[in-house]
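S.K.:
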Amino acid sequence: MSETKQRFNHMYASAKRSTRLAIQVGLLIVFSGALFYWNDYQRLAEMTWFIGLFPVTACIKLVFRTNALLTFNESVRYRRLVWYECALGFGMIVLFTLLSMMILFREGYASGLLLACSLVLFGIVASESLDRKLKQVDASHVTHRLYSRGKVGHFD
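Residue numbers (my numbering): 70 to 225.
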């Protein structure tokens with residue numbers, strides 16, 4: 070079995086574990102918000118659902134991915150690029166959370182959609198750039214595209 074295939078299998082197993090944990094934590098957050106809502110704390114329930122749910126579950130997925138990638142290569146440059154990708158992910162999560170808070174607390178925030186779209190576009194471009202650099206540093210790196218193709222059974 071090739072090095073890339075072994076890495077893919079390791080990342081896939083890690084992603085399954087992180088998804089299981091994210092679902093469990095997500096259900097805990099949803100039920101906590103439901104308790105707030107049933108006890109007439111509607112604003113607190115909205116904050117729990119819209120501001121707490123996505124960042125926590127996304128951070129779980131990001132940490133598991135980062136830890137899996139850090140086990141593959143001891144090169145300083147590779148590890149630095151992996152940490153850059155992690156920092157970019159955390160930054161995107163924080164910005165998304167701040168944007169959600171602004172939309173939740175300032176009704177009629179029309180430019181929020183434009184800001185969110187530009188944020189997503191920036192994240193996609195930056196992530197692809199880092200992924201390309203990681204592939205240059207380590208030939209066996211499992212790129213996002215290779216991982217998504219491998220999940221549906223088309224591993225090259």
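Even glycine gets a Cβ: it sits at the ideal position worked out from N, Cα and C.
Since the model is a prediction, treat every value here as computed from it, not as a measurement.
Of the choices LYS202, SER87, PHE100, GLU115, whose alpha-carbon is the least far from that of ARG146?
M.R.: Numbered from its first residue, the sequence shown carries residue 146 at position 77. That would be LYS202, whose Cα lies nearest to the Cα of ARG146.
S.K.: Kindly indicate which residue of VAL99, THR212, PHE119, GLN111 has the alpha-carbon position closest to the one of PHE165.
M.R.: Here residue 165 refers to the residue found at position 96 of the sequence shown. Of the listed residues, the one whose Cα sits closest to PHE165 is PHE119.
S.K.: Does the beta-carbon distance from LEU199 to LEU131 come in below 8 angstroms?
M.R.: What you label residue 199 is simply residue 130 of the sequence shown in a count that begins at 1. What you label residue 131 is simply residue 62 of the sequence shown in a count that begins at 1. No. Outside cutoff.
S.K.: For ASN108, name the three-state secondary structure that DSSP assigns.
M.R.: Along the sequence shown, read from residue 1 onward, the residue named residue 108 stands at position 39. In the structure shown, the three-state DSSP call for ASN108 is coil.
S.K.: One question on the structure: do ILE162 and ALA185 come within less than 8 angstroms of each other, judged by their Cβ atoms?
M.R.: Residue numbering aside, residue 162 sits at position 93 when the sequence shown is read from its first letter. Residue numbering aside, residue 185 sits at position 116 when the sequence shown is read from its first letter. For ILE162 and ALA185, no; Cβs fall outside 8 angstroms.
S.K.: Would you mind stating whether GLY121 and ILE92 have Cβ atoms separated by less than 8 angstroms?
M.R.: Position 52 of the sequence shown, counting from 1, holds the residue named residue 121. Position 23 of the sequence shown, counting from 1, holds the residue named residue 92. The Cβ atoms of GLY121 and ILE92 do not sit closer than 8 angstroms to each other.
S.K.: Whole angstroms are fine: how far does the CA of MET80 sit from the CA of LEU90?
M.R.: Indexing the sequence shown from 1 puts residue 90 at position 21. Indexing the sequence shown from 1 puts residue 80 at position 11. Each residue's alpha carbon lies about 15 angstroms from the other.
S.K.: When the Cα atoms are used, what is the spatial distance from SER217 to VAL211?
M.R.: Taking the sequence shown and counting its residues from 1, the one referred to as residue 217 is at position 148. Taking the sequence shown and counting its residues from 1, the one referred to as residue 211 is at position 142. Going by the C-alpha atoms only, they are around 10 angstroms apart.
S.K.: Under 7 angstroms: does the beta carbon of PHE191 sit that close to some heavy atom of the ligand NAP?
M.R.: Absence of the ligand NAP from the depicted structure is noted, as is the absence of any ligand whatsoever, leaving it without description.
S.K.: Please state if the CB of THR88 and the CB of GLY102 are separated by a distance shorter than 8 angstroms.
M.R.: Taking the sequence shown and counting its residues from 1, one reaches residue 102 at position 33. Taking the sequence shown and counting its residues from 1, one reaches residue 88 at position 19. By the CB criterion at 8 angstroms, GLY102 and THR88 fall outside the cutoff.
S.K.: May I ask you to report which of helix, strand or coil DSSP gives ASP207?
M.R.: The sequence position of residue 207 within the sequence shown is 138, counting from 1. Coil at ASP207, not helix or strand.
S.K.: On the premise that SER83 lies in contact with ALA137, defined as a C-beta separation below 8 angstroms, what is that separation, rounded to the nearest angstrom?
M.R.: Counting from 1 along the sequence shown, the entry for residue 137 is found at position 68. Counting from 1 along the sequence shown, the entry for residue 83 is found at position 14. 4 angstroms between Cβ atoms; contact.
S.K.: Report yes if the C-beta distance between SER196 and THR73 is below 8 angstroms; otherwise report no.
M.R.: Position 127 of the sequence shown, counted from the start, is the residue given in the question as residue 196. Position 4 of the sequence shown, counted from the start, is the residue given in the question as residue 73. It is not a contact, given that the beta carbons lie outside the stated cut-off.
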